[in-house]
Amino acid sequence: MYDPDITFLSTFIIMVVIGLIANGVLGNKGKISLGLTLLFALIFSAITTALLAG
3 MYDPDITFLS
13 TFIIMVVIGL
23 IANGVLGNKG
33 KISLGLTLLF
43 ALIFSAITTA
53 LLAG
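Residue numbers (this note's numbering): 3 to 56.
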């Protein structure tokens, strides 16, 4: 069964983790602020959840 809340939360967590890993890999060259990472994750999660909800 499809649950928007769980989908949103899991997508959000995955995107934050990816953002943090990208930050670590890029190091000082591609310094992305934590706020920007969270904002991007939030937007991406909302879009994904909306698409899955149909």
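Idealized CB from N, CA, C, for every residue including glycine.
Measuring CB to CB, does residue i end up less than 9 Å from residue j?
{"i": "residue 6", "j": "residue 54", "result": "yes"}
Compare the Cα-Cα distances from residue i to each of the options and report the closest residue.
{"i": "residue 22", "options": "47, 45, 35, 50", "result": "35"}
Mind checking residue i: buried by the 16 CB within 10 Å criterion, or exposed?
{"i": "residue 43", "result": "buried"}
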